[in-house]
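Residue numbers (the working numbering), protein chains in the order written: chain A, 1153 to 1292; chain B, 105 to 236. Scroll down for the structure; my scribbles are underneath it.
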Amino acid sequence: MSVFAGLSAGDVVFTTEFTVDRADLTAYAEASGDHNPIHLDEAAAKAAGLPNVIAHGMYTMGLVSRAVLEWAAEAELDASLGAFSARFAKPVVVPADSGAVVEMEAKVRKVDADSLELAIAVLSGGDKVLAPARATLTAN
Amino acid sequence: MLNTSYVGRSLPTTAPAVITAESVTRFARALGMSDTDAVPPTYLISLTLPAADPLIEDPDFGLDFSKVLHREQRFAYHRELRAGDRVSCTVTVESIKTVSGNDLLALRTDVTDEEGLAAEVWTTLFVAGGEA
């Protein structure tokens, strides 16, 4: 039987949310080597025309990959990530005091016996920040 | 404006480098992921962007990195990479599109290990046009 049996296009497979604060962005800058000051320093972000410090797009995309892999592990899917993409539509703005909340909803976009494509809607502050992310899991 | 004569050009392949366990752990922790030896899906960006440095630093190419925003990102994974694997990167300028005075620069990086192509990484950068 297919590892993706029981899943149909349109099914919501998970919803989740993450909180993001400045310390998370500092840790991500260290880990990724992306030290662009718009992700770390309020004055630099504002000088670049942004409302405040913004998360690295790749940080947000990384959180999506984490959510997908955690869901696949919980669902005990014997599958690997084969493709993963996103367009960075709007920034995730991260104020120093409150941080930001990133909400995700993953739906099945396509499914057959060997592969499952998810479309993950990602929102922060009411904006769609990724437009959308897509992840394809391939049966092992 | 970017030098469109670079479209189709590839940078020299980087020397094989070991994916260190320490770098994988740090990346996984920064995303709150459980730390295994498996490379997190987006970890590859920490290899592919530095591989593009010679292009960013090439005055003939004309890229002002202070005007760059990350627009799109795509990964295709052909094999699971793990800490300890040795990989090389080959960056190719796939396209440059000019839209309303701004450039969209599409780069593809082939990530290869001893067995061949392990992953492909596409990065599209939005480069804001100059004051002119």
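All residues carry an ideal CB built from backbone N, CA and C; glycine is no exception. Computed from a prediction, not measured in an experiment: that's the story for all the values here.
Limits of the unbroken beta strand (DSSP E) element including residue i
i: Asp-214 of chain B; result: 206-217
i: Gly-220 of chain B; result: 220-231
i: Met-1256 of chain A; result: 1252-1263
i: Glu-1222 of chain A; result: It is not in any beta strand (DSSP E) - Glu-1222 of chain A instead sits in the alpha helix (DSSP H) that spans 1209-1226.
i: Arg-130 of chain B; result: Note, Arg-130 of chain B: premise wrong, no beta strand (DSSP E); alpha helix (DSSP H) at 125-134.
i: Arg-178 of chain B; result: 172-181
i: Arg-1239 of chain A; result: 1231-1239
i: Ser-1276 of chain A; result: 1267-1276
i: Ala-1283 of chain A; result: 1279-1291
Residue i classed as buried or exposed, judged by whether at least 16 other C-beta atoms fall within 10 angstroms
i: Thr-216 of chain B; result: buried
i: Thr-228 of chain B; result: buried
i: His-1187 of chain A; result: exposed
i: Ala-236 of chain B; result: Because Ala-236 of chain B carries a pLDDT of 41, less than 50, the predicted location of this residue cannot be relied on, and the following value inherits that uncertainty. Flag for Ala-236 of chain B reads exposed.
i: Glu-176 of chain B; result: buried
i: Met-1256 of chain A; result: buried
i: Asp-135 of chain B; result: The question names Asp, but residue 135 of chain B is Leu in the sequence shown. Looking at its Cβ environment, which holds 16 or more other Cβ atoms inside 10 Å, Leu-135 of chain B is buried.
i: Val-1164 of chain A; result: exposed
i: Ala-1248 of chain A; result: exposed
i: Ser-1297 of chain A; result: Examination of residue 1297 of chain A is not possible in this model, given that chain A is present from 1153 through 1292 alone.
i: Phe-1236 of chain A; result: buried
i: Ala-1238 of chain A; result: buried
i: Phe-1156 of chain A; result: buried
i: Pro-144 of chain B; result: buried
i: Thr-1212 of chain A; result: buried
i: Arg-1218 of chain A; result: buried
i: Gly-233 of chain B; result: exposed
i: Met-137 of chain B; result: buried
CB contact flag (residue i, residue j, <8 Å)
i: Asp-214 of chain B; j: Glu-224 of chain B; result: yes
i: Ala-222 of chain B; j: Leu-185 of chain B; result: yes
i: Leu-147 of chain B; j: Val-122 of chain B; result: Residue identity differs from the one stated: residue 147 of chain B is Tyr in this sequence, not Leu. No, Cβ-Cβ distance for Tyr-147 of chain B and Val-122 of chain B is not below 8 Å.
i: Thr-196 of chain B; j: Arg-212 of chain B; result: yes
i: Phe-131 of chain B; j: Ser-1154 of chain A; result: no
i: Val-1281 of chain A; j: Val-1220 of chain A; result: no
i: Asn-237 of chain B; j: Asp-164 of chain B; result: No statement about residue 237 of chain B is possible, as the shown extent of chain B runs from 105 to 236 and does not include it.
i: Val-1263 of chain A; j: Ala-1161 of chain A; result: yes
i: Val-1205 of chain A; j: Leu-1177 of chain A; result: yes
i: Ala-119 of chain B; j: Ser-170 of chain B; result: no
i: Gly-1214 of chain A; j: Phe-1240 of chain A; result: no
i: Ser-1267 of chain A; j: Ala-1291 of chain A; result: yes
Endpoints, the alpha helix (DSSP H) within which residue i is located
i: Thr-1178 of chain A; result: 1174-1184
i: Ser-150 of chain B; result: 149-155
* Looking at C-beta atoms only, is the number of pairs between the region 1248-1264 of chain A and the region 1170-1188 of chain A that lie closer than 8 Å three or more? -> Note that the region 1248-1264 of chain A touches the region 1170-1188 of chain A; at least 3 beta-carbon pairs, one per stretch, sit closer than 8 Å.
* Asked: Can at least three beta-carbon pairs, one atom from the region 110-130 of chain B and one from the region 1274-1288 of chain A, be found at a separation below 8 Å?
  -> Verdict: no, contact absent.
* Asked: Counting pairs of Cβ atoms below 8 Å between the region 1196-1208 of chain A and the region 1221-1241 of chain A, do you hit three or more?
  -> In the pairwise beta carbon analysis, the region 1196-1208 of chain A is classified as not touching the region 1221-1241 of chain A: fewer than three pairs are separated by under 8 Å.
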